[in-house]
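For the sequence shown, this note's numbering assigns the number -1 to the initial residue and increments by one for each residue that follows.
Glycine included, C-beta positions come from ideal geometry on N, C-alpha and C.
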Amino acid sequence: MFNNTPLKLLIFNLLVLISIGNFTVIAQEIKKDSLKTLTPDDYGQWESLSGVSISKNGNWVTYKTVTQDKDYITQIFNTQDKATQAFPNTTAATFSNEGEWVSLTKVPTGKEAKKLSKNKSKDKKKQPTKSLIYNLVSKDTLELEGFQSITFSNTGSYAAMKRNEGNTLIIKNLKSGHEISFGNVKTYSWQENNAVIAMIIDTKDKIGNAIQIYNTKTEVLKVLDQKNAAYVSLKWLEDSDELFAVRKHEDENYENETYHLLLWKNLNSKKPSFYVFDQSQFNNFPINTRVLNSRITVSKNANSIYFTTFSWQKTKSEEEKKSIKKDTLSKEKETPNKKEEAPDVEIWNSKDLVIIPAQKKSKMKGIEQPLNAVWHINENRFVVLGDDLVETIQVQADNKIVIGLDGTPYDFEAMFGRPSYDIYTVNNITGEKNKVLENVTKVWSVSPNNHFFSYLKEDNIHLYDITKKTSTNITKNLDGVFINFDDDHPLPQKSAYGFEVWSKDSKSFFIYSKFNVWQIFTNGTPSRKITHGEKDSIVYRIIKLDRKQKELNVEKPMYFSMYGLYTKKTGYAKGIPGKPIKMLIYDNARISLASSKLEDSGKMLITRQSYKESPNLFLTNTLFRSPVKISNTNAFQKDYAWGRAELIEFENALGKKSQAILYYPANYEKGKKYPMITYVYEKLTNGFHRYKPPSKYDYYNTTVWTQNGYFVLNPDIDFITGEPGTSSTTTLENAVKTVVEMGDVDANKVGLIGHSWGGYQAGFVPTQTDIFAASVAGAGLTELIAMNLAVTPAFGGRPENDHFEVGQERMGSAPWVSPKNYIRNSSVMQIEKLNTPLLFEVGDNDMNVNWSQGIAYYNAARRANKPFVLLVYEKEGHGLRKDKNRHDYQQRILKWFGHYLKGEKAEDWIIEGIPYDEQQRRLKNWKE
């Protein structure tokens, strides 16, 4: 465990505590008896923090708060004078590149939004969008109405404003006020290093369709391309004057459409270059094949464009159409309405690699996969990369060598969640493919110099030398655990903790062990352990402050996140490989980066929160020193009683040490016995420092429960293969026993609750143990054999087999292989042992777990004469969407537990059936 905090960390923590507003001192000064607990009427004021950004010059920070009542406020903080300005009822703040302006979108108050939502069906007229542009220096405000988007130029003081109607684009000089308008603008994009804007002109009849650019400085408009065709997208390449666009091309001889790829280079020069990829101009382009407008990648040097191709179906020729028509007419008397006589049938075959429902849901409506290709612009060379053998290419746009994967030999295993691949190196210049490895489960990227890649096989990470065609096991003799053996999913190959990134010089790359970051060298130099987290069980991981960064410069300092595996502390460290790593901040809180480092200003933004500490924003530097508190969310919390959270340890079903979060009730009194709600899913203790605001609409809300006088237990659950339900039962029994032995919880007043996979456990566990006085299960599985053999629409129409065998259910095998396991772990098959009152919730439009699972449990409970109530929410899915239903479910949970755990009087629906007509009468008169 981490015990010795450096002095600078202590100073930081003291500054944080002071900037929090002496919350701890204030809380101690107020007597517990004077603090009130929350009521539902109090929930609406609670705020959440989001929308954090900082201007490029580092002078301004913006964030927004939104209350549970949906009232928005945007705050803008001046990092120079530390002043904050509030903009009520606004959102989506965006700074201009030079930090002089900010745009905001106006939104109605929560009450107004609710009223508008109610009147939406009556008044179908769309409300106009209201915006404003605010000058951060002069404080001048420009009010706008009817614009769907506002985007600042990357240089200069220009704003592109697109109207909601008419597709009119207005470009405004914010300093002079001068405007120019362009009509029929479909989309637009500013160049990164110049105040030049590109736009797609799109008209109904396609006449006049074009790609245009407008230079705001010279006020010159250029038409780059004009065709009677639809232009579908455009973008400037990063830090360049190169523009890429896609143009649709229709051919009357083919169904669907293909696409032409357009690229302009050196647009800021007097002699720009223009290139077009038109498949008809390439003799080696496969016949009856088209270009797709998806997965298109342009190399950084703009010399290569990667894209995908797909089969292209021919349309019927005029002669074929006439022949068909003639044949139809001649047979009309014999077989009228032939089309209507065709049966409504689909043919499903057990040899289908992709089942028919999944094929129907796929964009391509079949099993054919798009194939990768590349166009080398300077040589005007087209190269096919993917084919029927090597269907998948791991595109690295700036590499000569890429990786190809062929999963065909392992198709049967892949159908049930156990994919493997044969690995090919593919030369994107020639298209040459070489099979280099077989039966590999994971392969990572190729080095920048095209010489190496790493892969996972047989519980080790290996390095493959493409030039020498040799492979080296790089982790076998290292003092670290590189495979996640703690993962309890029964996969034939456990996943690695991970490959992170290559160095720019390709001399090394970085991988993860359980706790540490390792630098692996490609020239045989001994591997280097960069961090040393195993002693205090701290997990270190690399943080890329620049999200665009693809490789690391090992000569410059690197940032690392820190996470206490057992303490749940978080923080950051910094260092250069080969030199000692400096801890910058590490504390008992959830500390996370809210923005990247800014090269010019060196400022950074972090958020800090814990269960008792509302998330707030701090401005600091690259060493995390001298933090300045920017936000002050939920300051009124000090007026209310609040619980606390602590970690407890217990032994799980595998006989291993496990952890749980124990939340104490608000206004907890030592020596008093309390009821407890146990919330179950999988691993939950990583949320130890997560703040949980109360809400009327969050039905599994920890704070709502603690405010109602409950302890709340969130245990980590590890599962035994083939025994998910029974192993969860043992783990829960041990966790609850540990808490009861602490003396604060009444052993006869413990409840269980969970949703989805947690709903399965909350439904099943009470059939195995009587330690729970009541249980609530939401959208849970109840009959594992039927569910294993089902098709799940939410998973793309795929069967549940792999999900059940090696996924979340962890059954490990098919029902006919281990029938006893499936029966032993199915709630409905254990119904005779259910003695715990069970409330079960379903949505009748659940696409994840069909609500027939809930019906099966309901019918089994009726037949076995067990205490069971089924809540069916109409037109709801796996999670409830409508606020009225979310609030209703929350209140029914409280009433259910209120009766069974607190002895409160039961409402009639809890203890007796309510006839349908009476239910309808109550709903009709809901407010009475």
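Reference residue i; option with closest CA among the options
i	options	result
residue 663	642, 676, 652, 539	642
residue 759	572, 677, 862	677
residue 567	739, 385, 585, 344	585
residue 556	448, 582, 535	582
residue 90	81, 571, 83, 100	100
residue 59	92, 87, 771	92
residue 397	85, 341, 297	297
residue 577	558, 529, 538, 603	529
residue 477	513, 726, 488, 703	513
residue 884	288, 693, 143	693
residue 431	421, 800, 438, 439	421
residue 906	900, 918, 915, 893	893
residue 372	345, 349, 438, 276	276
residue 661	675, 652, 650, 649	675
C-beta contact flag for residue i and residue j at 8 angstroms
i	j	result
residue 769	residue 734	yes
residue 615	residue 639	no
residue 108	residue 65	yes
residue 262	residue 286	no
residue 470	residue 460	yes
residue 780	residue 749	no
residue 369	residue 416	no
residue 629	residue 73	yes
residue 426	residue 400	yes
Three-way DSSP call (helix, strand, coil) for residue i in this model
i	result
residue 189	coil
residue 329	The predicted position of residue 329 is uncertain, since its pLDDT is 49 and thus under 50; a value taken from the coordinates is nonetheless stated next. It is helical.
residue 755	helix
residue 21	Residue confidence is low: residue 21 scores 34 on pLDDT, short of 50, so the model does not pin down where it sits. No coordinate-derived value is stated.
residue 917	helix
residue 566	coil
residue 213	strand
residue 730	helix
residue 174	coil
residue 26	Note that residue 26 has pLDDT 38, beneath the 50 cutoff, so the model's placement of it is unreliable and no number is given.
residue 660	strand
residue 406	helix
residue 910	coil
residue 88	strand
residue 834	coil
residue 637	helix
residue 922	helix
residue 72	strand
residue 746	strand
residue 536	strand
residue 115	helix
Residue range of the unbroken alpha helix (DSSP H) whose run includes residue i
i	result
residue 413	409 to 413
residue 881	881 to 900
residue 783	782 to 786
residue 850	850 to 862
residue 800	799 to 803
residue 355	354 to 359
residue 41	38 to 41
residue 777	Where residue 777 is concerned, there is no enclosing alpha helix (DSSP H), given that its DSSP letter is neither H nor E.
Element boundaries [beta strand (DSSP E), containing residue i]
i	result
residue 625	Element bounds for residue 625: n/a, residue is neither H nor E.
residue 133	128 to 133
residue 273	271 to 275
residue 929	Residue numbering for the chain in the displayed model covers -1 to 926; residue 929 lies beyond these limits and cannot be assessed.
residue 506	506 to 510
residue 822	Here residue 822 belongs to no beta strand (DSSP E); instead the alpha helix (DSSP H) covers 817 to 822.
Opposing strand residues paired with residue i [DSSP bridges]
i	result
residue 462	451, 469
residue 288	308
residue 372	304, 381
residue 435	421
residue 606	589, 614
residue 827	Per DSSP, none; premise fails for residue 827.
residue 584	569
residue 142	129
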